[in-house]
Structure formats: C-alpha cells, structure tokens
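> Just so we're aligned, residue 1 is where the sequence shown starts under my numbering, counting upward by one. Cβ coordinates follow ideal geometry from the N, Cα and C atoms, glycine included.
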Amino acid sequence: KGNAHLKKDEYEEAIKVYDSIIKYTPKIAEVWFNRGVAFLHLNNLTESLDFHNEALRLNPTVAFFWYGKGNVLLEMGKFKLACEHFNKATDIDLTFAPAWHNAGIALMSVSGTRSATVLKCFEKAIKLEPSYPDAWMSKGLFLFTQDKDSKAVECIRKALKLAREQGAKKVIDAATFFLQRTGYGIR
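#1: Looking at C-alpha atoms only, which residue of F122, G167, R157 and Q166 is the closest neighbour of T176?
#2: Can you tell which of F178, R164 and T61 has the C-alpha that lies nearest to the C-alpha of D93?
#3: Could you work out which residue in W66, L58, L73 and P26 is closest to E47 when comparing CA atoms only?
#4: Thinking G68 and H52 are a contact (beta carbons under 8 Å), I'd like their distance in whole angstroms, please.
#5: Should A14 be labelled buried (16 or more other beta-carbon atoms within 10 Å of its own) or exposed?
#6: Can you tell me whether DSSP reads P60 as helix, strand or coil?
#7: Could you tell me which of A82, A106 and Y132 sits nearest to A97, measuring between CA atoms?
Spelled out as structure tokens, the structure:
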C-alpha cells in the first residue's frame, strides 16, 4: 500500500504506511529504502539519507539501494560521494544503466574529472539501454560543453525522439528548450 501511494506522489501517506510496517517489522530493508525515497521527494535530504543508510545496513547487496543513496547525495551536492555510490551500484550490477548515467552526471561536477570518463558513463548507459532518453540528453548536453555541437545536437534530437515515444515530459521539455535556445530548431 505504501508503494501505491509512492507511485501516486502521495509521499506523506506512503510514509505513514512505511512507519506502521517498520513499527512491527523493522528489519525489512526495502521499507526503509522506500521511506527514504518518499523523504527524498519531499526534499528532506537528511532524513532520506538516514533511511537509505538503514536500508544499506540491513542489506548492502542491493544495487538499487546504493543507487538511491547516490541520488540523495547528488541532490545534496556531494558529487564525489554520490559517484562512489553509483559505482558501488554498478559493481553489484554492471547492467544498471541509470547508475551509469547518474555517475556521469555526478562526475561532471567533480573537479579534475577527465571528460572521457564522463562520456564513458553516458555511453555505457546508452549501450545498456539504447532507448534511455535521459542518457542521450545528458550525453548531448555534456558534448555541448565540450564544443562538440553537431554531436551534441544529434544526441539531443535522439533524446527528444525517444522522450516523445515514451511520454518523458522532463526530457521533452529540456530537449525542446535546448534546441530552441541554441537555434538548432526542432524536427
């Protein structure tokens, strides 16, 4: 029931359900993790981090738990630490495309990171999930920062196409904004 509330963006209701479960069965890592996700969506990062830590304490072998904690750290601006958690997720599951993608995002903000390392993360995510619009968008934006405009636009147009097919509004909006603002136009 908590997960149903989480999917409907009813975070306070989800937390109430998770609290009642934890009260009677406090050793279920997934409940702690999901509680952390709800707090992340409420932008309560400190508590979210605590609940992700508890999930990992109870079960450190789940890649998604490391990924979740990495997302909290990314939101906190702790980019290097976030990257370490995304890397731990990919150590557990080499095929976890979102962890590769978010590692690239985190690395973009870590001083001294080689551009080839960032690009490798986005390309790995795309190789694993060729229809992942977020990874195409991030790769395109990164290439644009590297003055590789034609390759960047190609990636962003690909992201827009995939996002339209999947109804991924955030990527549609970001890609449309980028293409309009840079004068490359939308197809």
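Straight from the coordinates:
#1: Numbered from its first residue, the sequence shown carries residue 176 at position 176. Minimum Cα distance to T176 is reached at R157.
#2: Against the sequence shown, residue 93 aligns to sequence position 93. Closest option to D93, Cα to Cα, is T61.
#3: Position 47 of the sequence shown holds residue 47. Cα-wise, what sits closest to E47 is L73.
#4: For the purposes of this step, residue 68 is taken as the residue at position 68 of the sequence shown. For the purposes of this step, residue 52 is taken as the residue at position 52 of the sequence shown. Indeed, because the Cβ distance is near 5 Å, the residues count as touching under 8 Å.
#5: Working through the sequence shown from its first residue, we reach residue 14 at position 14. A buried status is given to A14, since no fewer than 16 other beta-carbon atoms sit within 10 Å of its beta-carbon.
#6: The sequence position of residue 60 within the sequence shown is 60, counting from 1. Three-state result, P60: coil.
#7: Stepping through the sequence shown from its first residue, residue 97 is reached at position 97. Scanning A82, A106 and Y132 for the CA closest to the CA of A97 turns up Y132.
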